[in-house]
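Enquirer:
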Amino acid sequence: MHKIKKDDMVRIIAGKDKGKDGKVLSVDTAKHRVVVEGCNMVTKHMKPNAVNPQGGIVKIEAAIDISNVMLLADGQPTKVAIKEENGKRVRVAKKTGKVIA
186 MHKIKKDDMV RIIAGKDKGK DGKVLSVDTA KHRVVVEGCN MVTKHMKPNA
236 VNPQGGIVKI EAAIDISNVM LLADGQPTKV AIKEENGKRV RVAKKTGKVI
286 A
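Each residue of the sequence shown is one higher than the one before, counting from 186 in the working numbering.
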């Protein structure tokens, strides 16, 4: 079980976007990378296609290493523990002890 999942709110703790908060758009478990909304923006040259008929230069979010983000629980960055409750594995915020949905 990974400690960061899609739709979690995270804070960037290293890199050019250090201190920014955002929602996790996707997680690549094999490469240990996440894409965070509005963070690590890169310029990409796109060919015209069905989605973008004009093509051109667009800014998109690039993946960053999962070790450079920290989960936010109640607006506070916290470490995450995995505990078993009623036979299910759940994520628990170490700072507050609350179960993370």
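Beta carbons are placed, not taken as given, at the ideal position from N, Cα and C, and that holds for glycine. Since the model is a prediction, treat every value here as computed from it, not as a measurement.
Beta-carbon separation of A286 and V277 under 7 Å?
Expert: For A286 and V277, no; Cβs fall outside 7 Å.
Enquirer: Please say whether V195 and V209 have beta carbons closer to each other than 7 Å?
Expert: Contact: yes.
Enquirer: Using the Cβ count rule (16 or more neighbours within 10 Å means buried), how would you classify V243?
Expert: Its Cβ having fewer than 16 others within 10 Å, V243 is exposed.
Enquirer: For V219, is the classification buried or exposed, using 16 other Cβ atoms within 10 angstroms of its Cβ as the cut-off for buried?
Expert: Its Cβ being crowded by 16 or more others within 10 Å, V219 is buried.
Enquirer: Rounded to whole angstroms, what is the Cα-Cα separation between Q239 and D206?
Expert: Q239 and D206: Cα-Cα distance of roughly 31 Å.
Enquirer: Please report the straight-line C-alpha distance between I197 and K232, rounded to a whole angstrom.
Expert: If you take the alpha carbons of I197 and K232, they lie about 31 Å apart.
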